[in-house]
Amino acid sequence: MSDTPHASPKGRASATLHARRSRLARLDASVAHLHGDETSKPGLDQRETKQLTHVRRFGAAGAILMAIAALGAGAQPVLQNPVVGLRLLGLPARMTTVSLTLGITGTIMVMLAWLMLGKFALGNFVTHSSPRRISRTQLDYTLLLWITPLLLAPPMFSRDVYSYLAQSEIGARGLDPYALGPAQALGVDHVLTRTVPNIWRETPAPYGPLFLWMGEGIASITGYNIVAGILLHRVLAVIGVLMIIWALPRLAKRCGVDPVIALWLGAANPLVIFHLVAGIHNEALMIGMMVVGLELALRAVESTAPLRGPMLALLLGGALIIVLSATIKIPSILALGFVGMALAKRWGRGFLSIILAAILLAVVAVVGIVAMSIVSGLGFGWVNTLGTANAVRSWMSVPTLLGLGTGQAGVYLGLGDHTTAILNVTRPIAAVVAGFVIVRMLFATHAGRLHAVGALGVSMAAMVFLFPVVQPWYLLWALVPLAAWATRPVFRIPAIAISAIISIILMPNGAEYEPWVIAQAVFGAIVTLTVLFTVLYTRPVWREFLGDVFHKQPQTA
389 MSDTPHASPK GRASATLHAR RSRLARLDAS VAHLHGDETS KPGLDQRETK
439 QLTHVRRFGA AGAILMAIAA LGAGAQPVLQ NPVVGLRLLG LPARMTTVSL
489 TLGITGTIMV MLAWLMLGKF ALGNFVTHSS PRRISRTQLD YTLLLWITPL
539 LLAPPMFSRD VYSYLAQSEI GARGLDPYAL GPAQALGVDH VLTRTVPNIW
589 RETPAPYGPL FLWMGEGIAS ITGYNIVAGI LLHRVLAVIG VLMIIWALPR
639 LAKRCGVDPV IALWLGAANP LVIFHLVAGI HNEALMIGMM VVGLELALRA
689 VESTAPLRGP MLALLLGGAL IIVLSATIKI PSILALGFVG MALAKRWGRG
739 FLSIILAAIL LAVVAVVGIV AMSIVSGLGF GWVNTLGTAN AVRSWMSVPT
789 LLGLGTGQAG VYLGLGDHTT AILNVTRPIA AVVAGFVIVR MLFATHAGRL
839 HAVGALGVSM AAMVFLFPVV QPWYLLWALV PLAAWATRPV FRIPAIAISA
889 IISIILMPNG AEYEPWVIAQ AVFGAIVTLT VLFTVLYTRP VWREFLGDVF
939 HKQPQTA
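First residue of the sequence shown? That's 389 in the numbering used here, and the numbers climb one at a time after it.
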C-alpha cells in the first residue's frame with residue numbers, strides 16, 4: 389500500500405480549479421494564435437501597377453453591369469418606379485432573365501476582382517507572400533471606382549430599405565413604430581407599405597431610436613417620394629462605410645497589422661459593397677460608429693498620458709459613440725464591454741478595477757440610451773422589439789440550422805414536425821455558449837492575453853454564428869474588427885472564402901425567382917464569364933497576371 393495520504397477535499401478542489409484555469413488559458417492561447425504582427429512593404433512596381441489597372445477596370449465593369457441589372461433585377465419599388473415605361477432605362481425590367489444574368493455576372497466579376505486585388509495586398513495565393521504591396525491611395529481609389537456605379541442604382545439583394553422608409557414615416561406622423569407595423573399605421577394600400585415585404589408589413593420596427601430618428605428626418609424631407617428616400621438612406625450607408633474606412637486602418641496599426649490588408653479584407657470586401665452600399669443596410673452606420681468609437685476610446689486607454697482632461701473626454705466620447713451605435717442596432721453595445729476591460733487592465737488587474745470601469749461606462753450607456761430615447765421622442769418601446777427578426781428561420785444560424793435539420797429528419801422518419809420545439813432547445817443552448825465565449829474574451833482582455841479589438845471580433849463571431857437569425861451582412865459585425873487584428877492563414881483563408889461565396893448567393897432583388905429563370909440566368913452568366921476569360925487570357929498582361937496569382941514567382945528586389 390502507498391503511504392501517501394489521500395488528498396483533502398480542499399486540495400482536490402484546488403487541483404480542479406487549477407486544471408480548469410489551465411484549459412481556459414490554453415483556449416486563450418489558441419485564440420491569440422490568430423494574431424501576428426505584420427511589417428509594411430514597398431509599393432508596387434511598374435509591371436504590377438499595370439496589372440492593378442486592369443483588375444480595377446475589371447471590377448468597375450462588374451459594378452456597372454450590376455447597376456444596369458438593378459434596373460430590371462434589383463429590389464425596385466412596386467409604385468413610383470421611375471424607369472417604368474422608359475424606352476431605354478425601362479428595357480432591363482422587360483427582360484428579367486437577361487437582367488438577372490447581368491446581375492449574377494456583375495457580382496461574380498466584382499467578387500473575382502476583389503480576390504485578384506488580394507494578390508496585391510496579401511501576395512501570391514500559393515505562397516501568401518509578396519515583396520511589394522498596394523498603397524493605401526491605390527486601394528482607396530479602387531474601392532471608390534467599384535462603389536460609384538452603385539450609388540444611383542436601385543437597391544439590390546434586400547428590400548429592407550422599404551421597411552426603413554415605412555417605419556420612419558410612422559414615427560414622422562407621431563405614431564409609435566414600436567407598437568404598429570406599416571400596414572396598421574399607414575394602411576395596406578399606402579405607397580410606402582406596398583413595397584415592404586409581406587413578412588414585415590404587420591411587424592413593429594426592430595431598430596433603435598437613433599436610426600428611426602434619422603429616418604424621420606429623411607421622411608420630413610422626401611415625404612412619400614420613394615426614390616429620394618432611398619438615395620438619402622444610401623447617403624447614411626455610405627457615411628457608415630466611410631467611418632469604417634477611417635477607423636479600420638487605425639485599429640490595424642494599433643494591433644500591429646498592415647492597414648492596407650485590413651482595409652482590403654474589411655472595407656473593400658464584396659459583402660460591404662453589395663450589402664452595405666448596394667443593399668443600403670443600417671449595419672453600415674452601426675459598424676462604422678462602433679469602430680470609430682472603439683478607436684477613439686482605445687486611443688485614450690492605451691495612451692501613456694493621464695486619463696484626465698482631453699484624454700478623459702476622448703474616452704467618454706468614444707464610449708458614447710459606441711452607445712449611440714447601439715441605438716441603431718443593439719449588438720454593437722458589446723464593444724463597450726471590451727473598452728471597459730481594456731480600461732480596467734490599465735488601472736490594474738484587480739477585480740475592483742473591473743467594477744469601477746463597469747460603473748463608469750454603465751453611466752455613459754444609461755445616459756446615452758435614455759437621452760436618445762427621449763430626444764428622439766420615440767421612447768423605450770424599441771427594447772421590446774429587439775427579437776422581432778427571430779421570426780425568420782435562417783440557415784446560416786448554427787442553432788437554427790440544427791433545429792431545422794432535426795425537425796425535417798423527424799418528418800422524414802414519420803415522427804412529426806417538431807421543429808419549433810427543437811428550436812426552443814437549440815437556441816437557448818447556443819445563447820449560453822455564445823455568452824460563455826464573450827465572458828471568456830472579456831476576461832482574456834483584462835488579463836492582457838488578447839487585445840480588445842481581437843477579443844471583440846471573436847465575441848462578435850460567436851454571437852453571429854450562434855444568433856437565432858443570421859443574414860449575410862451580419863458577418864461584417866465580426867469580420868470588420870477581426871480584419872484589424874487576425875492575421876494568420878487559419879483565419880484569413882476561411883474569411884476570404886466565406887466572403888466570396890456568401891457575397892454571390894443572394895438574388896439581386898432580395899426575393900425569389902422561378903427556378904427556370906434562375907437556371908437560365910446562371911447558365912448565361914457561366915457562358916458570359918467563360919467567353920470573357922477566354923478573351924482576356926489571350927492578352928499577355930492578363931496571362932502574366934494570372935500566372936503570378938497561382939504560381940510561385942521568384943521574389944525580386
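Even for Gly, the Cβ is constructed at its ideal location relative to N, Cα and C.
Excluding the five sequence neighbours on either side, which residues of its own chain have a C-beta within less than 8 Å of the C-beta of Ala656, listed in chain order? Numbered from its first residue, the sequence shown carries residue 656 at position 268. Within the same chain, Ala656 has close Cβ partners Trp502, Leu505, Leu527, Thr530, Leu531 and Trp534.
May I have the straight-line CA-CA distance separating Asn812 from Thr773, to the nearest angstrom? If you number the sequence shown from 1, residue 812 lands on position 424. If you number the sequence shown from 1, residue 773 lands on position 385. Approximately 19 Å between the Cα atoms of the pair.
Range covered by the alpha helix (DSSP H) that runs through Pro647: On the sequence shown, position 259 is the one that residue 647 refers to. Looking at the DSSP string, the run of the alpha helix (DSSP H) that includes Pro647 is Pro647 to Gly654.
Between the beta-carbon of Ala732 and the beta-carbon of Ala707, is there less than 8 Å? For the purposes of this step, residue 732 is taken as the residue at position 344 of the sequence shown. For the purposes of this step, residue 707 is taken as the residue at position 319 of the sequence shown. Cβ atoms of Ala732 and Ala707: not closer than 8 Å.
His806 - DSSP class collapsed to helix/strand/coil: For the purposes of this step, residue 806 is taken as residue 418 along the sequence shown, with counting starting at 1. Residue state, collapsed to three classes: coil.
Could you pull out every residue in the same chain whose Cβ sits closer than 6 Å to the Cβ of Leu422, ignoring the five residues on either side in sequence? On the sequence shown, residue 422 is found 34 positions in, with the first residue counted as 1. Within the same chain, Leu422 has close Cβ partners Ala874, Arg876 and Phe879.
Straight-line CA distance for Pro719 to Arg435? Numbered from its first residue, the sequence shown carries residue 719 at position 331. Numbered from its first residue, the sequence shown carries residue 435 at position 47. Roughly 45 Å separates the two Cα atoms.
Please look up how many angstroms separate the CB atoms of Pro658 and Val498, rounded, as I've assumed it's under 8 Å. Taking the sequence shown and counting its residues from 1, one reaches residue 658 at position 270. Taking the sequence shown and counting its residues from 1, one reaches residue 498 at position 110. For Pro658 against Val498, the beta-carbon gap comes to about 6 Å, under 8 Å, which counts as contact.
Looking only at its chain, what residues have a beta carbon closer than 6 Å to the beta carbon of Ala909, apart from the 5 residues adjacent to it on each side? Here residue 909 refers to the residue found at position 521 when the sequence shown is read from its first residue. A distance below 6 Å between beta-carbons, with the five flanking residues on each side excluded, links Ala909 to the following residues of its chain, in chain order: Thr485, Leu488, Thr489 and Ile492.
Among Arg445, Gly494, Val751 and Lys438, nearest to Ser891 - alpha-carbon criterion: Position 503 of the sequence shown, counted from the first residue, corresponds to residue 891. Relative to the Cα of Ser891, the nearest Cα in the group Arg445, Gly494, Val751 and Lys438 belongs to Gly494.
Considering only the alpha carbon of each residue, which of Ala457, Ala688 and Val660 lies closest to Leu476? Against the sequence shown, residue 476 aligns to sequence position 88. Measuring C-alpha to C-alpha distances from Leu476 to each of Ala457, Ala688 and Val660 identifies Ala457 as the nearest.
Give the secondary structure of Val471 by DSSP, where H, G and I count as helix, E and B as strand, and everything else as coil. Taking the sequence shown and counting its residues from 1, the one referred to as residue 471 is at position 83. DSSP, read as helix, strand or coil, puts Val471 in coil.
Does DSSP put Phe446 in a helix, a strand or coil? Locating residue 446 in the sequence shown gives position 58, where the first residue counts as 1. Under the three-state reduction of DSSP, Phe446 is assigned to helix.
Three-state secondary structure (DSSP) of Pro585: Stepping through the sequence shown from its first residue, residue 585 is reached at position 197. Correct three-state label for Pro585: coil.
Check whether the stretch 839-846 and the stretch 813-830 are in contact - that is, three or more C-beta pairs closer than 8 Å. Proximity of the stretch 839-846 to the stretch 813-830 meets the contact definition, three or more beta-carbon pairs being nearer than 8 Å.
Tell me which residue opens and which closes the alpha helix (DSSP H) that Phe508 is part of. Start at 1 with the first residue of the sequence shown, and residue 508 comes out as number 120. Unbroken alpha helix (DSSP H) run through Phe508: Thr484 to Ala509.
Would you check if there are 3 or more beta carbon pairs closer than 8 Å linking the stretch 659-679 to the stretch 699-717? With the cut-off at 8 Å, the stretch 659-679 and the stretch 699-717 touch.
Taking the alpha-carbon positions, what's the Ala481 to Leu459 distance? The residue given as residue 481 occupies position 93 in the sequence shown. The residue given as residue 459 occupies position 71 in the sequence shown. Approximately 6 Å, taken between the alpha carbons.
Find out if the Cβ-Cβ distance for the pair Arg524, Pro430 is shorter than 8 Å. What you label residue 524 is simply residue 136 of the sequence shown in a count that begins at 1. What you label residue 430 is simply residue 42 of the sequence shown in a count that begins at 1. Against a cut-off of 8 Å, the Cβ pair of Pro430 and Arg524 comes out as no contact.
Out of Ser428, Val852, Thr441 and Ala420, which has the shortest C-alpha to C-alpha gap to Trp930? Along the sequence shown, one-based indexing puts residue 930 at 542. Of Ser428, Val852, Thr441 and Ala420, the smallest CA-CA separation from Trp930 is found for Thr441.
Less than 8 Å between C-beta atoms, sequence neighbours within five positions excluded: which residues of the same chain meet that for Met483? Here residue 483 refers to the residue found at position 95 when the sequence shown is read from its first residue. Contacts found: Gly460.
Buried or exposed: which applies to Leu740, given that a residue is buried once 16 or more other Cβ atoms fall within 10 Å of its Cβ? Here the question's residue 740 lines up with position 352 in the sequence shown. Exposed, since its Cβ has fewer than 16 Cβ neighbours within 10 Å.
Taking a contact to mean a Cβ-Cβ separation below 8 Å, would you say Pro585 touches Ile668 in this structure? Taking the sequence shown and counting its residues from 1, the one referred to as residue 585 is at position 197. Taking the sequence shown and counting its residues from 1, the one referred to as residue 668 is at position 280. Result no, Cβ atoms of Pro585 and Ile668 do not sit closer than 8 Å.
Residue environment, Pro393, which counts as buried when at least 16 other CB atoms sit within 10 Å: Numbered from its first residue, the sequence shown carries residue 393 at position 5. Residue confidence is low: Pro393 scores 48 on pLDDT, short of 50, so the model does not pin down where it sits. Its coordinate-derived value is still stated next. Its Cβ having fewer than 16 others within 10 Å, Pro393 is exposed.
Return the CA-CA distance between Arg734 and Val689, expressed in angstroms with no decimal places. On the sequence shown, position 346 is the one that residue 734 refers to. On the sequence shown, position 301 is the one that residue 689 refers to. Looking at the two C-alpha atoms, the distance is approximately 7 Å.
With burial defined as no fewer than 16 other Cβ atoms inside 10 Å of the residue's Cβ, what is the status of Thr833: buried or exposed? By 1-based counting over the sequence shown, the position of residue 833 is 445. Around the C-beta of Thr833, 16 or more other C-beta atoms lie within 10 Å, and the residue is accordingly described as buried.
Same chain only: Cβ atoms within 7 Å of Asp548, ignoring 5 sequence neighbours per side: As a first step, residue 548 is located in the sequence shown; it is residue number 160 there, counting from the start. Leaving aside the five residues that flank Asp548 on each side, the residues in its chain whose CB is nearer than 7 Å to its CB run, in chain order, His669.
Can you give me the Cβ contacts of Ala723 inside the same chain, cut-off strictly under 6 Å, excluding the 5 residues immediately before and after it? Counted from its first residue, the sequence shown places residue 723 at position 335. Once the five neighbours on either side are set aside, the close Cβ partners of Ala723 are Met678, Leu682, Ile710 and Leu844.
Below 8 Å, can you find three or more Cβ-Cβ pairs linking the stretch 588-596 to the stretch 553-569? Taking a cut-off of 8 Å for Cβ pairs, the stretch 588-596 and the stretch 553-569 touch, as three or more such pairs fall below it.
Suppose you measure from the CA of Pro565 to the CA of Trp601; what does that come to, to the nearest Å? Residue numbering aside, residue 565 sits at position 177 when the sequence shown is read from its first letter. Residue numbering aside, residue 601 sits at position 213 when the sequence shown is read from its first letter. Spanning the two alpha carbons is a distance of roughly 11 Å.
Identify which residue in Ala840, Tyr862 and Pro637 has its Cα closest to the Cα of Ala730. Position 342 of the sequence shown, counted from the first residue, corresponds to residue 730. Considering only alpha carbons, the answer is Ala840.
Taking Ser523 as part of the alpha helix (DSSP H), name the residues at either end of that continuous run. Mapped onto the sequence shown, residue 523 falls at position 135. Run containing Ser523: none; DSSP gives neither H nor E here.
Less than 8 Å between the beta carbons of Ala866 and Val852, yes or no? The residue you call residue 866 lines up with position 478 of the sequence shown. The residue you call residue 852 lines up with position 464 of the sequence shown. Cβ distance < 8 Å, so Ala866 and Val852 count as in contact.
Could you check if Thr583 is buried or exposed, using at least 16 other CB atoms within 10 Å of its CB as the buried criterion? The residue you call residue 583 lines up with position 195 of the sequence shown. Buried, because 16 or more other Cβ atoms sit within 10 Å of the Cβ of Thr583.
Inter-residue spacing [alpha-carbon to alpha-carbon] between Ala753 and Val771: If you number the sequence shown from 1, residue 753 lands on position 365. If you number the sequence shown from 1, residue 771 lands on position 383. Each residue's alpha carbon lies about 14 Å from the other.
Reduced DSSP category for Ile892 - H, G, I as helix; E, B as strand; rest coil: Here the question's residue 892 lines up with position 504 in the sequence shown. For Ile892, the three-state secondary structure derived from DSSP is coil.
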